[in-house]
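Participant: Residues in the sequence shown are numbered consecutively from 3, following the numbering used here. Note that CB positions come from ideal geometry on N, CA and C, so glycine has one too. One structure is given below, represented as structure tokens, and several questions about it will come after.
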Amino acid sequence: VDAMMKGAPLFLGEQDYSAFTGAGCKIQNRVRRLIRSEITTEGDLLHYDVVGNGFLYNMVRIMLGTLVDIGYGRIEPDEIREMLSSKSRRRAGQTAPAQGLMLMGVEYMDGPAVIYDRKMDEEPNDKPMDSDGDRSEGL
């Protein structure tokens, strides 16, 4: 886990994430800005928190898969820089499965934050929460 914690911040900044997008990505401009990329633990749970101005197809799953490969010692944390500069999907790690991953929130800079909270075992709750965490019928 220590190696994963060392690797996670290497994703920060504004850069081309072509190496961390799936084959189905049709977007030409693959430059995104990440302002948070952090591995934390809580008991037996491992959390990967990532915040940015946008994400590409499978981007977070590939980033997490790469961090898992780092955790198992298959690659070194510093190789993330080489992966980013190569812009080659073949250089990055595995794609993590979607199970266990969840979207914790979405914020828009042009208006009030609308945050959706959904755990994998629950039915979707399409009612937005305001910035205080209260459910509303609509904003």
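How many angstroms separate the CA atom of lysine 89 from the CA atom of alanine 21?
Facilitator: 4 angstroms
Participant: So what does valine 3 bridge to, in DSSP terms?
Facilitator: Answer by DSSP bridge pairing: none, since valine 3 is not bridged.
Participant: Which class does alanine 68 belong to by DSSP, given the choice of helix, strand or coil?
Facilitator: Here the sequence assigns threonine to residue 68, which means alanine is not the residue at that position. Correct three-state label for threonine 68: helix.
Participant: So, helix, strand or coil for isoleucine 41, using DSSP?
Facilitator: Secondary structure of isoleucine 41 (DSSP, three-state): strand.
Participant: Cα-Cα, which of Val108, Leu14, Asp71 and Thr97 is closest to alanine 25?
Facilitator: Thr97
Participant: Put glutamate 84 into one of helix, strand or coil per three-state DSSP.
Facilitator: helix
Participant: Distance check for valine 53 and valine 116, CA to CA, integer angstroms please.
Facilitator: Confidence at valine 116 is low in this model, with a pLDDT of 46, below 50, so its placement is unreliable and the value that follows should be read with caution. Taking the straight line joining both Cα atoms gives about 15 angstroms.
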